[in-house]
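Reviewing the structure listed below.
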Amino acid sequence: MLRHIKSTITIIFGAAIFAFGLTYFVVPHHLFEGGATGITLITYYLFNIPISLMNILINIPLFLLAWKIFGLRSLYSSLLGTIAVSVWLAIFEKIPLQFNLEGDLVVVALVAGVLLGVGLGVIFNAGGTTGGTDIVARILNKYTNISVGKLLFGLDFLILMLILIIFQDLRLVTYTLLFDFIVSRVIDLIGEGGYAGKGFMIITQKPMELADKINEELGRGVTFISGQGYYSQKDLKIIYCIVARNEIVKMKEMIHTVDPMAFITITEAHEILGEGFTFPARDEVS
């Protein structure tokens, strides 16, 4: 019960941040958005229909269709997110606020992207959505073999193309793409909890020496993975190690110092949970 109350409050809070950014930064500077929000902005810019009202009108038929297909229980969080966003939009529409950014659309895109990204990230982390194309994508996914991610990208792309055709303003669409990119990155950052880094996979002739150096100079743990060379048929000790973003350069320098011929692959570690990242290493605790 407490968990349910917490997620409800979190979704409402995230909806407030999202609606604040949309009302006071996106709309005054005529930026756009993908998804159902993009449709509400088109109708507002063309016909001055309140965004809060249009958000509800667009989502009603989508929710009715999704209710028949998925059932009401699975749509609760999406319904809550949609209603909360619309209520907050209606409130903010009545409160005149202006932020003087001197018409700098790069700054506007940055601020709006952070606000909407934080708002959506909070909503998503609580298990909610803001309806719209999320629902359309889920319905299409049920009857096709196309992933939800690809469907969302396709729907957002179509809406942005519609915006370009109607308003014929490539400059604003370009700033919108920048804004949308920032939104997606902020959502990812919140979803990852901020603990992101790089994974190093290293094949070296000096695994023990390199492992000792990594442990001594970076304080990072190392895992040995057993492998075998295809041509040489020799057994190998492959090093796997996760480092923070600010340790990447030092890690590469260290590897090349120990073994200039080492083979290295570096991958994104989107979320790191465990010793040395989300809680201190044992020697730091003792």
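Position 282, counted from 1, in the sequence shown is what UniProt numbering calls 282; the numbers after and before it change by one each time, with no gaps. Just so it is clear, CB atoms sit at the ideal spot from N, CA and C, and this is done for glycine as well.
query: Residue range of the alpha helix (DSSP H) that includes Phe47; result: 35-47
query: Burial state of Phe179 (16 or more Cβ within 10 Å); result: buried
query: Cβ shell of Val285 (< 8 Å), same chain only, five flanking positions each side left out; result: Here Val285 scores only 46 on pLDDT, less than 50, and its place in the model is too uncertain to base an answer on.
query: Cα-Cα separation between Ile83 and Phe181, rounded to whole angstroms; result: 25 Å
query: DSSP state of Val285 mapped onto helix, strand, coil; result: Low confidence applies here, because Val285 scores a pLDDT of 46, under 50, leaving its location unreliable; read the following figure in that light. Three-state result, Val285: helix.
query: Distance, Met254 Cα to Asn246 Cα; result: 14 Å
query: Assigned exposure category for Asn215 - 16 Cβ within 10 Å defines buried; result: exposed
query: Of the residues Ile135, Lys252, Asn55, Leu172, the one placed nearest Leu72, counting alpha carbons only; result: Ile135
query: One or two residues paired with Thr265 in a DSSP bridge; result: Met201
query: Exposed unless 16 or more other CB atoms sit within 10 angstroms - verdict on Ile251; result: Residue identity check: residue 251 is Met in the sequence provided, not Ile. Buried is the call here.
query: Any chain C beta carbon closer than 8 Å to Thr37; result: Checking the listed chains, one finds no chain C in this structure; it contains a single protein chain.
query: Sequence-distant residues of its chain with Cβ nearer than 8 Å to Tyr44 (five each side left out); result: Val27, Pro50, Ile51, Met54
query: Three-state class that DSSP yields for Thr23 in the structure shown; result: helix
query: Coil, strand or helix - Phe181 by DSSP; result: helix
query: Contact check, Gly35 vs Ile159, beta carbons under 8 Å; result: yes
query: CB-CB length for Trp67 against Leu75, believed under 8 Å; result: 6 Å
query: The stretch 14-25 touching the stretch 107-118, judged by at least three CB pairs closer than 8 Å; result: yes
query: Sequence-distant residues of the same chain with beta carbon closer than 6 Å to Gly199, five excluded per side; result: Ile242, Thr267, Ala269
query: Option in Ser226, Ser232, Leu120 with minimal Cα separation from Ile239; result: Ser226
query: Burial state of Tyr143 (16 or more Cβ within 10 Å); result: exposed
query: Proximity below 8 Å, CB of Gly14 to CB of Ala90; result: no
query: Neighbourhood of Leu129 by C-beta, 6 Å cutoff - its chain only, sequence neighbours within 5 removed; result: The displayed chain sequence assigns Thr, not Leu, to residue 129. Taken in chain order, the residues that qualify are Ser78, Gly81.
query: Euclidean distance between Cα positions of Met261 and Gly229; result: 15 Å
query: Residues bridged to Val108 (per DSSP); result: Answer is none; Val108 lacks a bridge partner.
query: Proximal residues to Lys206 (C-beta, below 7 Å), its chain only, five neighbours per side dropped; result: Val258, Asp259
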